[in-house]
Amino acid sequence: MSFLNVVEIESALVGLASKYPSLSKLITLPFFTFEGRQSHALLIGTGQGCPVTGVLIISGAHSREWGGPDICIDFAADLLESYTAGTGLVYGGKSYTAAEIKSIVERLDVIVFPCINPDGRNFSQNTFAMCRKNRNPASGGSVNKLGVDVNRNYDFLWDFNTAFAPAAQAAGSLASTNPSDDLFHGTGPFSEAETQNVRWLYEQYPQISWFMDIHSYGGDFLYSWGNDVDQTTTPDMNFTNPAWDGKRGVDGDVYGEYINGCDRADVKSAAEATVAAINAVRGEAYTAYQSFFLPALGITYPTSGASDDWSFSRYFSDPSNKKVRAFTMEFNQVGTFFPSWAEMELIIKDVDSGLVKFCLIALPTVSLASWWCRLRRWNYAIWHRVFPPELWGPYGPWERVRNVVERIFSPIVAPIVRALRNR
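In our numbering, the protein residues as written are 2 to 424.
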């Protein structure tokens, strides 16, 4: 076995949706890539009608990070197979019970979008392995350098030249206006089909409350924000306030990106729990950290236009949106974009363990709406168990009882009803 190619990824999604039609749904994304590919995602959930929480997991933004789509496909298959068999899951030293898997499938909508950039992956696997971007040539660039960095194309401080301090721009991690640069951010926010498809998923599934973007490499699990150091005391110091333009992105200066203290505690705790589940598989040493830093490289790493910050920022830009806890996974501590397949199989187990834990963390808390929905469902189930359709339906014995009662009482009741109507 080896890394899946673009056709195999699509075939795997179609196959899972076909094999588990009551537990999954194939989602056709509307925006075609430059090379004419149409992408798909897979929604996993029983669709029982009660309020559920959505979890969106994407990967494959950067072409050369081959392992992410394989992780996603394996994770989706594990959930569906385990739930159907009524068994738990075991990843090395970490195990999950059948009841935990059942709670994920029945109480969440898990949306897996394994390869958001199929054009780039195809080019990386067949022509130029180190390709990072998509294959949109609209802005020019040499054959190996054309395209847009999909993970700098989201609408979060996309105009980095205005939003960030010159020192942050010099760090080389934000973005670039040079079409030949690996960090070229496109002609505008969401100029690319790949990011438009992710945005469309949020629009179509507004219940999404948790998000993960899977990348490599380093062994870090990162939480918001990525544009500057988190701070919890000054709400006016935030990405929507133009008064702070030109001051963002430098560690130790006056600016820090505001995050509510409870939100920060939530995302930090979720990241640490996910990392613990990864490390429990075979003793790896993944770390949880704010995404402004890259612990694996020991540097600050300010970013603009990234998927995790945009996902988290949607609520702050428009409070009618649901608040999304957003994260980036940098899998693989070996330190290469192209681990051997034998090593990748071990990495898949590591990360899939983390994904299961991530979903368990995302399970919705008790709410009035969820309790009312469950009460209605239990009442319906009890009623149908006591009075199943074959008894009270139009051809069952209760229908015959009704007919007997009607024959007895109808001659008595009918004249009374007619008299009342004629009054």
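Backbone N, C-alpha and C define an ideal beta-carbon position, used for all residues, glycine too.
Predicted model only: the values in this text are computed from it and were never measured.
Same chain, Cβ closer than 7 Å to residue i, five either side skipped, listed in chain order
i: Y290; result: D221, L223 and P296
i: G61; result: G69, P70, P115, C116, I117, N118 and R122
i: E193; result: N135, N137, V149, V151, N154 and G187
i: V106; result: L24, I45, G46, T47, L80 and Y84
i: I349; result: D71, I72 and D75
i: A272; result: F222, Y224, A289 and F328
i: D231; result: G257, E258, I260, R265 and Q291
i: D120; result: T34, F35, E36, R38, N135 and R136
i: D156; result: P190, F191 and W311
i: R65; result: S125, A130, M131, C132, R133 and F338
i: D267; result: R326
i: G336; result: Y218
i: V8; result: none
i: R108; result: V53, L364 and P365
Proximity winner among the options, relative to residue i (alpha-carbon distances)
i: S25; options: S12, T47 and G37; result: T47
i: D351; options: R133, D264 and G68; result: G68
i: F212; options: H63, K324 and A86; result: K324
i: V251; options: P365, N118 and Y302; result: Y302
i: M426; options: S341, P365, I362 and A130; result: This structure leaves residue 426 out entirely; the chain is present only between 2 and 424.
i: P138; options: F157, C132 and G148; result: G148
i: Y218; options: G173, A78, N145 and E331; result: E331
i: D183; options: R133, S64, N162 and K358; result: R133
i: Y287; options: F313, P365, N333 and D246; result: N333
i: F293; options: P412, A307 and A86; result: A307
i: I112; options: L347, G93, S64 and A77; result: A77
i: G227; options: T88, L17, F165 and N127; result: F165
i: H63; options: A86, F191, D214 and P22; result: D214
i: L57; options: R200, G87, V8 and T241; result: R200
i: L458; options: G284, S314, S174 and G299; result: Missing from the structure shown is residue 458; the chain here goes from 2 to 424 and no further.
i: T241; options: G299, A176, S210 and D319; result: D319
i: S174; options: D267, I300, I209 and G87; result: I300
i: H216; options: D309, A274 and V255; result: D309
i: F4; options: A343, G336, R108 and F313; result: A343
i: K269; options: L298, R326 and S314; result: R326
i: A274; options: P416, L356 and I409; result: L356
Cα-Cα separation, residue i to residue j
i: L44; j: S354; result: 19 Å
i: P236; j: I102; result: 39 Å
i: A363; j: T54; result: 7 Å
i: K248; j: W159; result: 15 Å
i: S125; j: M131; result: 6 Å
i: N162; j: A244; result: 15 Å
i: S40; j: S19; result: 17 Å
i: P180; j: V276; result: 36 Å
i: N197; j: F35; result: Per the sequence shown, the amino acid found at residue 197 is Gln instead of Asn. So the two alpha carbons sit approximately 13 Å from each other.
i: L27; j: P207; result: 17 Å
i: W311; j: N145; result: 28 Å
i: P365; j: Y316; result: 18 Å
i: D229; j: M238; result: 11 Å
i: D110; j: Y92; result: 23 Å
i: Q170; j: M345; result: 34 Å
i: I10; j: L30; result: 15 Å
i: Q205; j: S321; result: 15 Å
i: V15; j: T304; result: 34 Å
i: P1; j: E82; result: Since the displayed the chain opens at 2 and closes at 424, residue 1 lies outside it and no answer follows.
i: N6; j: N127; result: 10 Å
i: S177; j: S140; result: 12 Å
i: E195; j: Y203; result: 13 Å
i: K358; j: A13; result: 23 Å
i: F185; j: A86; result: 46 Å
i: I409; j: I209; result: 58 Å
i: G253; j: D246; result: 17 Å
Same chain only: Cβ atoms within 6 Å of residue i, ignoring 5 sequence neighbours per side
i: F114; result: A42 and I59
i: A168; result: V251
i: K95; result: A278, A281, V282 and S354
i: G142; result: P180 and S181
i: S314; result: F157
i: F32; result: A194, Q197 and N198
i: T88; result: A99
i: V405; result: none
Own chain, CB closer than 8 Å to residue i, minus 5 neighbours either side, in chain order
i: T233; result: Y259, I260, N261, G262 and R265
i: L361; result: Y97, E101, S104 and I105
Can you list, in chain order, the stretches of the alpha helix (DSSP H) that have 4 or more residues and sit fully within the segment 182-234?
-> 194-205
Uninterrupted alpha helix (DSSP H) stretches inside the segment 294-378 (no shorter than 4 residues) = 308-318 and 342-363
Start-end ranges of the alpha helix (DSSP H) lying completely within the segment 33-111, minimum 4 residues | 68-86 and 99-108
Ignoring anything shorter than 4 residues or poking outside the segment 135-189, list the alpha helix (DSSP H) runs there in chain order.
-> 161-164 and 167-171
Identify every run of the alpha helix (DSSP H) within the segment 246-287, keeping only runs that are complete inside it and at least 4 residues long; order them along the chain.
-> 262-283
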